[in-house]
DNA sequence: TGATAAGCGAGACGGTACGTCCGGTCTTGAG
DNA sequence: CTCAAGACCGGACGTACCGTCTCGCTTATCA
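Chains as they are written, first to last, in the numbering used here: chain F, 262 to 457; chain G, 262 to 457; chain P, 262 to 457; chain H, 262 to 457.
As structure tokens, this is what we get:
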């Protein structure tokens, strides 16, 4: 999803275009939505042209994915000691990731595109779930050992619960209705759900 | 979302076209996905032409919504006595609704369209949540009275939990991995989550 | 070269677009020249878009030919009695045809295009020469009979002489240097050249 | 139009590239015509690359002009004693210059380019007419003195007559129809036209 | 003889213009 | 007012090619 790399020979890319395009993509996405977003409009707003975009990203979907969900976003998840705090962190990360206006505008469109492009599907879901799922798995294992979590709780199910709830909440609720109270309610339900 | 009604005068509509178009829409949707779906292709497969479709539905989104989520689907939810069974029924309904191939293909596309059409958004979310949410609310109230559910559990949160989990599971898992075991796990988590 | 006709069924063309495009073509041609002329610019100036142009003319060359040398221009050549006057008329027609700014801008480009498209070549040369050459042939035959023209004078050669001189004069001279004096000189040379 | 000169310092140009490019230009020009001719294709056929060409000629037009009409071609016109022979020589030179396949392919393109580049126009017309027109002027003056030419005949007009006829003949006739008979006819017309 | 300067090949870049697809509308002629 | 048929207008697409630039290297002239 990162702009397609190129060989060493030849004129190097102007990295300012990369940045300007990503910025323009996010801005336009928030204004007009995924379906109304056009490559030409992005290029114009970024002060460049279509071929410059197609050299870097093969499709609109790849560009949007890269602009809205940059790869570095998810690398490190802070692990506190308390299970409840860690679950809460995960919920907050999910809300953060999915709740941003650009993300709300982008996600349904990206999911719709994955129907025709399995490679893209892997990219989208992979980057979204990537490190988070592994991290959750390890955290729950530790929780089982500590007696805080039932042994038959599957990390995949918990992951789907957290991700799904965050997705539906950001999609169906007005943004300001996803507040601390809501988060506490959800964390409460999950903690009791996975607890012994 | 039902085909737009028309005045009484003049030649009446051929209702066989309504059905043929809906059938063609679902079939093509499963084959090519929402974004690749074109009105022209639907018209051709249904043995008619574009104007006949535009007379009935204003946009592709309205047509797909009507074809994939017909209005009568959700009116009655069977209520057993046991809370666990009723929650399970709700999860199964969600999976049924979202898990069908046509629904998996349609939903992200429809959600993407709602960004530009609030009326459509109300239709899509309304029909999906409509009766179900009211029903859940009443069932949880009864559960609280029976001492099976904590008093501070909000039906909206539980609804989001169920709907979200079903959505993510159908979107991320292969279809055959959403089986009875998975359902039991989810129901288990929810029951413990909302229990006293 | 006339806009491609189409079947009777379906929506009829907007003839105002035909006219606006031809007008825009001539205007832009005079401003920027044949090579700098673009289909998109013509469409924009005509208040329409590229597909509307491509529906009517297959290439820029066909459009320019149709706009600059409309078919009806050449149908009737007034024949006076005097040979000298008729030759003069022919020279004036040639200058008129080739001397207009749009024609000066269009011709070299059109000739360059004919290298790759024999059908276009026939169209361009045919329309230019068409009736004129036949007319000249008959006029010279009559001249021979009247003893005003040598019997071995070939009409093709005379035609090439007149057309070529007009072309080179309009191409190499400033426009205002192609005046009545110049015309008289040329007619004089030709009259003596073909006379007995 | 000669390859742009460069400073003395640094690595000198490889003159074999100059020649190879000119050769490739003429060959490709005859095959595909002026408009379809691309710098990239010339570079490839000449066994080099685009920057090497752009270092030598600023545009395709300059390169083609230099390759098809090299500067040394016209410097000396053999003058016989007889006026008719000299006029004939001029016609033959014109046919030679304009009749070669490369010239037929190049000229309309070059003329089309001159619309946007007055400097090029001067180059193209200047090289074509240059010495020839001066020579014709002097020859006609001598003819007047010898009583072979009318005093009011203008050399510019005669020049346009010869050049134009040659141009149109090479453009409109098949090459093999421009033979000795045709030349004799034209020379005859001109001789009678300018004679006393 | 080492520094300077311009050439060379290779190849990608930024950007203009292209020709096409297709979405939604309109017209015709019949029912 | 609907139907079938089909062309229309116009927005957006993805691509071809132009002229430029950068790279790593070579080949001359000049200090």
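Think of the CB as a built atom: it goes at the ideal place given N, C-alpha and C, for glycine as much as any other residue.
State whether the stretch 361-370 of chain P contacts the stretch 355-367 of chain H, with contact taken as three or more CB pairs (one from each stretch) at a distance under 8 Å.
-> no
Taking DSSP as the reference, what is the three-state secondary structure of residue 297 of chain P?
-> Position 36 of the third chain, counted from the start, is the residue given in the question as residue 297 of chain P. In this structure, residue 297 of chain P counts as coil in the three-state DSSP scheme.
Are there 16 or more other CB atoms within 10 angstroms of the CB of residue 262 of chain H, so buried, or fewer, so exposed?
-> As a working mapping, residue 262 of chain H is identified with position 1 in the fourth chain. Low confidence applies to residue 262 of chain H: its pLDDT is 48, below 50, so where it sits in the model is not reliable, and the reading given next is rough at best. The residue in question, residue 262 of chain H, is buried, as its Cβ has 16 or more Cβ neighbours within 10 Å.
Reference residue 288 of chain P; option with closest CA among P:270, P:307, P:278 | Position 27 of the third chain holds residue 288 of chain P. Taking only the C-alpha atoms, the option nearest residue 288 of chain P is P:307.
Taking the C-alpha atoms as reference points, what is the distance between residue 291 of chain H and residue 282 of chain H?
-> The residue given as residue 291 of chain H occupies position 30 in the fourth chain. The residue given as residue 282 of chain H occupies position 21 in the fourth chain. Rounded to the nearest angstrom, the two C-alpha atoms are 14 Å apart.
Cβ contact (3+ pairs, closer than 8 Å) linking the stretch 341-355 of chain P and the stretch 393-400 of chain P = yes
From residue 427 of chain H to residue 452 of chain H, what does the alpha carbon distance come to, in whole angstroms?
-> For this step, residue 427 of chain H is matched to residue 166 along the fourth chain. For this step, residue 452 of chain H is matched to residue 191 along the fourth chain. Going by the C-alpha atoms only, they are around 16 Å apart.
Using a Cβ cut-off of 9 Å (strictly closer), state whether residue 428 of chain F contacts chain G.
-> For the purposes of this step, residue 428 of chain F is taken as residue 167 along the first chain, with counting starting at 1. Cβ-Cβ to chain G under 9 Å: yes for residue 428 of chain F.
Do residue 414 of chain H and residue 296 of chain P have their CB atoms nearer than 9 Å?
-> Residue mapping note: residue 414 of chain H aligns to position 153 of the fourth chain, counting from 1. Residue mapping note: residue 296 of chain P aligns to position 35 of the third chain, counting from 1. For residue 414 of chain H and residue 296 of chain P, no; Cβs fall outside 9 Å.
Given a threshold of 16 other Cβ atoms within 10 Å of its Cβ, counted over all protein chains shown, does residue 321 of chain H qualify as buried or as exposed?
-> For the purposes of this step, residue 321 of chain H is identified with residue 60 of the fourth chain, where counting begins at 1. Buried, since its Cβ has 16 or more Cβ neighbours within 10 Å.
Alpha-carbon to alpha-carbon, residue 303 of chain H and residue 312 of chain H = Here residue 312 of chain H corresponds to residue number 51 of the fourth chain, with the count starting at 1. Here residue 303 of chain H corresponds to residue number 42 of the fourth chain, with the count starting at 1. If I take the Cα positions, the gap works out to 12 Å.
Along chain G, in chain order, which residues have C-beta atoms closer than 7 Å to that of residue 369 of chain F?
-> Counting from one through the first chain, the residue named residue 369 of chain F turns up at place 108. Chain G residues near residue 369 of chain F: 369, 372, 373.
Measure the Cβ-Cβ separation of residue 422 of chain P and residue 358 of chain H and say whether it is below 9 Å.
-> Indexing the third chain from 1 puts residue 422 of chain P at position 161. Indexing the fourth chain from 1 puts residue 358 of chain H at position 97. Contact flag unset, no.
Does DSSP classify residue 406 of chain F as helix, strand or coil?
-> As a first step, residue 406 of chain F is located in the first chain; it is residue number 145 there, counting from the start. Helix at residue 406 of chain F.
When you check each C-beta in the stretch 285-310 of chain H against every C-beta of chain P, which residues fall closer than 8 Å?
-> 293, 294, 295, 296, 297
Between the Cα of residue 406 of chain H and those of H:457, H:435, H:360, spot the shortest distance and give me the residue it belongs to.
-> Mapped onto the fourth chain, residue 406 of chain H falls at position 145. The option with the nearest alpha carbon to residue 406 of chain H is H:457.
Going by CA-CA distance only, name the one from F:447, F:314, F:286 that's closest to residue 274 of chain F.
-> Within the first chain, residue 274 of chain F is the residue found at index 13, counting from 1. The shortest C-alpha separation from residue 274 of chain F is found at F:314.
What is the DSSP secondary structure of residue 379 of chain F, counted as helix, strand or coil?
-> Taking the first residue of the first chain as position 1, residue 379 of chain F is located at position 118. Correct three-state label for residue 379 of chain F: helix.
So what's residue 450 of chain G in DSSP terms, helix, strand or just coil?
-> In the second chain, counting from the first residue as 1, residue 450 of chain G sits at position 189. Note: residue 450 of chain G maps to helix in three-state DSSP.
Going along chain H in order, which residues have a C-beta closer than 8 Å to the C-beta of residue 451 of chain P?
-> Taking the third chain and counting its residues from 1, one reaches residue 451 of chain P at position 190. Correct list: 450, 454.
With DSSP collapsed to three states, give me the class of residue 309 of chain H.
-> As a first step, residue 309 of chain H must be located in the fourth chain, where it is residue number 48. Coil.
Should residue 381 of chain F go down as buried or exposed, given a rule of 16 or more other Cβ atoms within 10 Å for buried?
-> Numbered from 1 along the first chain, position 120 holds the residue referred to as residue 381 of chain F. Answer is buried; the Cβ neighbour count reaches 16.
Using a C-beta to C-beta distance shorter than 8 Å, which residues of chain H count as neighbours of residue 415 of chain P?
-> Taking the first residue of the third chain as position 1, residue 415 of chain P is located at position 154. The contacting residues are 446.
Closer than 6 Å by C-beta to residue 409 of chain F: which residues in its own chain qualify, once you throw out the five before and the five after it? Chain order, please.
-> Counted from its first residue, the first chain places residue 409 of chain F at position 148. Cβ neighbours of residue 409 of chain F beyond the five flanking positions: 344.
Please go through the same chain and pick out, in chain order, the residues whose beta-carbon is closer than 7 Å to the beta-carbon of residue 396 of chain G, but skip the five residues on each side of it.
-> Counting from 1 along the second chain, the entry for residue 396 of chain G is found at position 135. The residues are 338.
If the cut is a Cβ gap below 8 Å, which residues of chain G does residue 407 of chain F touch?
-> Position 146 of the first chain, counted from the first residue, corresponds to residue 407 of chain F. Neighbours of residue 407 of chain F on chain G: none; closest Cβ ~18 Å, over 8 Å.
Residue 271 of chain F - containing alpha helix (DSSP H), residue span | For the purposes of this step, residue 271 of chain F is taken as residue 10 along the first chain, with counting starting at 1. Per DSSP, residue 271 of chain F belongs to no alpha helix (DSSP H) and is neither H nor E.
Rounded straight-line distance, which links the Cα of residue 356 of chain F to that of residue 455 of chain F = Position 194 of the first chain, counting from 1, holds the residue named residue 455 of chain F. Position 95 of the first chain, counting from 1, holds the residue named residue 356 of chain F. Taking the straight line from one Cα to the other gives about 20 Å.
Which word fits residue 418 of chain H, buried or exposed, when buried means at least 16 other C-beta atoms lie within 10 angstroms of its C-beta?
-> Translated into positions along the fourth chain, residue 418 of chain H becomes position 157. Counting Cβ neighbours within 10 Å, residue 418 of chain H comes out buried, since at least 16 surround it.
DSSP state of residue 416 of chain F, grouped into three classes?
-> On the first chain, residue 416 of chain F is found 155 positions in, with the first residue counted as 1. Reduced to three states, the DSSP call for residue 416 of chain F is helix.
Burial state of residue 425 of chain G, where buried means 16 or more other Cβ atoms lie within 10 Å | As a working mapping, residue 425 of chain G is identified with position 164 in the second chain. With 16 or more other Cβ atoms within 10 Å, it is buried.
Return the Cβ separation of residue 371 of chain F and residue 325 of chain F in integer angstroms, given the expectation that the two are a contact with Cβ distance under 8 Å.
-> As a position in the first chain, residue 371 of chain F is number 110, starting the count at 1. As a position in the first chain, residue 325 of chain F is number 64, starting the count at 1. At roughly 6 Å, the Cβ-Cβ gap stays under 8 Å, so residue 371 of chain F and residue 325 of chain F are in contact.
7 Å Cβ cut-off: residues of chain H touching residue 422 of chain P | Against the third chain, residue 422 of chain P aligns to sequence position 161. Correct list: 422, 426, 450.
From the DSSP output, in three-state form, read off residue 444 of chain G for me.
-> The residue you call residue 444 of chain G lines up with position 183 of the second chain. It is helical.
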